[in-house]
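Comments concern the structure below.
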Amino acid sequence: MTYLPDTDFTQRFIFDDSDARGELVALERSYAEVLAKHAYPEPVAQLLGELMAAAALLVGTLKFDGLLVLQARSEGPVPLLMIECSSDREIRGLARYDAERIAPDATLADLMPNGVLALTVDPTHGQRYQGIVDLDGATLAECFTNYFVMSQQVGTRFWLHADGRRARGLLLQQLPADRLKDEEERAASWQHITALGGTLTADELLSLDNETVLHRLYHEEAVRLFDVQPLRFRCSCSRERSGNALVSLGLEDAQKLVVEHGGSIEIDCQFCNERYLFDAADISQLFAGAGVDSPSDTRH
Ligand SMILES: [Zn+2]
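Below, the structure is given as structure tokens:
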């Protein structure tokens, strides 16, 4: 499947007369692929889209090589929302939910009461890092904004919206003092830029292209918009990884599972619904350290 850069991308912009930057994200095909794997109720599909938009914005903001994992957990009707986005800009995600307890107009607080949001950066080299914030904002965007306040990082604001077809987001972030040396002037400029950002409606963000959004918000500012950076859906599961999970069970338990399940173990990927089957011969081969080669090893 080819991904046109105009359906799934982030795009940075910078203010020439202020110490601030911004980024916009638009996701359509990758969002559709995530939603296609499960029959998500509308409010869950919306939250998933918002979390995808956040992940795409964060992957360009946190400078790292590896994997960014966003997990929202609760004991409510949506126990889990999870998005993974790699620094190679490949994204996947899923949600667990109890459809019977989800009203069509359910809010974040209804769906994930007393929840937490965990942001994990798993770098290819170096130490894994995790930050956690309570899901006590009215929206996921507010929770991400709170996260940056709590972790005492530079001023950062998020706006996230999704409607089951498009997932969009806007991020504004303060830069170190450079153009504006005076502290008061700097604070006033940040206040001005974020107040304007706050006037953007969900409908506008979901329907307007980036140039129009920036003109609508900042036609009185000097703003430079950079080239788009594409993203795409891709699941990182593989037959090899599923095999490794079986190896970690130990030979005896793996063999027992094969017998209990009528001759083969089935491992389903929750992110992409790919199914990996292992029979007794596969298990023997796995534990012999030979690895598993099979024409059914689907990479996508
Ligand atoms: Zn998968």
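Heads up, the sequence shown is in our numbering, so the first residue is 134 and it goes up one at a time.
We treat Cβ as the ideally placed atom computed from N, Cα and C, and that holds for glycine.
Every value quoted in this text rests on a predicted model; they were computed, and no experiment measured them.
Which of helix, strand or coil DSSP assigns to residue i
i	result
V249	strand
T431	Annotation note: pLDDT 45 at T431 (below 50); position unreliable, no value reported.
V211	coil
T257	coil
Proximity winner among the options, relative to residue i (alpha-carbon distances)
i	options	result
I147	Q388, Q306, F366 and L339	Q306
E166	N406, D415 and L244	N406
P256	R367, A413 and S219	S219
F366	D149, A189 and S151	A189
A239	E175, A414 and H325	E175
D231	R298, N279 and Y173	Y173
G199	L390, M185, N343 and E217	E217
Straight-line Cα distance separating residue j from residue i
i	j	result
A322	R145	The sequence given here places Ser at residue 322; Ala does not occur at that position. Straight-line Cα distance between these residues: approximately 19 Å.
G182	S375	27 Å
S163	P212	23 Å
A153	F281	15 Å
S429	R372	Since pLDDT at S429 reaches only 46, below the 50 mark, its modelled position is unreliable, and the value read off the structure follows with that caveat. Each residue's alpha carbon lies about 8 Å from the other.
T431	A328	Reliability fails at T431, whose pLDDT of 45 lies under 50, so the model's placement of it is uncertain and the value that follows must be treated cautiously. If you take the alpha carbons of T431 and A328, they lie about 48 Å apart.
A251	V202	8 Å
D401	K314	56 Å
S340	G209	31 Å
E223	L364	6 Å
Start-to-end residues for the beta strand (DSSP E) that takes in residue i
i	result
A228	E223 to R229
Y164	Unbroken run through Y164 is the alpha helix (DSSP H), R162 to A169; no beta strand (DSSP E).
P363	V356 to P363
Residue i classed as buried or exposed, judged by whether at least 16 other C-beta atoms fall within 10 angstroms
i	result
M283	exposed
V392	exposed
F142	buried
G155	buried
Q179	buried
Extent of the continuous alpha helix (DSSP H) to which residue i belongs
i	result
F420	A413 to F420
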